[in-house]
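Structure first, then comments.
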Amino acid sequence: MFFEITFTLIRKAEPTEIKGYIIGADGEAKVAKERIEAVEPEKNLITFKVLEGDLMKEYKSFVITIQVTPKHGGSGSIAHWHLEYEKISNEVAHPETLLQFCVEISKEIDEHLLTEE
Numbered sequence: 009m010f011f012e013i014t015f016t017l018i019r020k021a022e023p024t025e026i027k028g029y030i031i032g033a034d035g036e037a038k039v040a041k042e043r044i045e046a047v048e049p050e051k052n053l054i055t056f057k058v059l060e061g062d063l064m065k066e067y068k069s070f071v072i073t074i075q076v077t078p079k080h081g082g083s084g085s086i087a088h089w090h091l092e093y094e095k096i097s098n099e100v101a102h103p104e105t106l107l108q109f110c111v112e113i114s115k116e117i118d119e120h121l122l123t124e125e
């Protein structure tokens, strides 16, 4: 749901708030309300800021940037993810459980882009 909506919003390039689910490697779904902070179609880049939800129970701030760049000398692209966050305390773990989520969404982006060709 989250990125199905995102694909449409990237084309419109307008900041908006969306609510979706982020599923970590632990299989636990986390609710997150995000705002699109930046859209740069020429760079294939989009930035989301988490406004509220489960992630904000452990982090003061959480920003996700995705940039997709074409592979040099070959077909396909590479998805670069940047997770910028500030933990509410040192006891909070780094969000490593979200790495599998990033992999799965990258695969969904790839499938979406291939269907558009």
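The sequence shown begins at 9 in our numbering and counts up by one.
Glycine is no exception: its CB is placed at the ideal position from the N, C-alpha and C atoms.
Quick caveat: nothing in here was measured; it's all calculated off a predicted structure.
Q: Assuming residue 52 contacts residue 71 (C-beta within less than 8 Å), just tell me the rounded distance between them.
A: In the sequence shown, the residue the question calls residue 52 occupies position 44. In the sequence shown, the residue the question calls residue 71 occupies position 63. Going by Cβ atoms, the distance from residue 52 to residue 71 rounds to 18 Å, so no, they are not a contact pair.
Q) Does the Cβ of residue 103 have 16 or more other Cβ atoms within 10 Å, making it buried, or fewer, making it exposed? A) The count along the sequence shown starts at 1 and reaches residue 103 at position 95. By the Cβ-count criterion, residue 103 is buried, with 16 or more other Cβ atoms from all chains shown falling within 10 Å of its own Cβ.
Q. Counting pairs of Cβ atoms below 8 Å between the region 59-68 and the region 76-90, do you hit three or more?
A. Taking 8 Å as the limit for Cβ pairs, the verdict is that the region 76-90 does not touch the region 59-68.
(Q) For residue 73 and residue 40, I'd like the C-alpha separation in whole angstroms. (A) Residue numbering aside, residue 73 sits at position 65 when the sequence shown is read from its first letter. Residue numbering aside, residue 40 sits at position 32 when the sequence shown is read from its first letter. About 15 Å.
Q. What does a CB cutoff of less than 7 Å around residue 78 pick up in its chain, not counting 5 residues either side in sequence?
A. Taking the sequence shown and counting its residues from 1, the one referred to as residue 78 is at position 70. Cβ neighbours of residue 78 beyond the five flanking positions: 85.
**Q.** Cut-off 6 Å between Cβ atoms - residues of its own chain near residue 114, not counting five sequence neighbours on either side
**A.** Position 106 of the sequence shown, counted from the start, is the residue given in the question as residue 114. Short of 6 Å from the beta carbon of residue 114, and not among the five residues preceding or following it, lie these beta carbons of its own chain, in chain order: 87.
Q.
According to DSSP, simplified to helix, strand and coil, what is residue 108?
A. By 1-based counting over the sequence shown, the position of residue 108 is 100. Residue 108 falls in the helix class under three-state DSSP.
Q. Applying the criterion that 16 or more other CB atoms from any shown protein chain within 10 Å of the CB defines a buried residue, is residue 54 buried or exposed?
A. Here residue 54 refers to the residue found at position 46 of the sequence shown. By the 10 Å Cβ count, residue 54 comes out buried.
Q. Of all the beta strand (DSSP E) runs that stay within the bounds of the region 39-119, which reach a length of 3 or more residues?
A. Runs of the beta strand (DSSP E) inside the region 39-119: 53-61, 67-78 and 85-95.
Q: Excluding the 5 residues preceding and the 5 following residue 93 in the sequence, name in chain order all residues of the same chain whose CB lies nearer than 6 Å to its CB.
A: Position 85 of the sequence shown, counted from the first residue, corresponds to residue 93. If we look at residue 93 and ignore the five residues flanking it on each side, its Cβ neighbours are 67 and 70.
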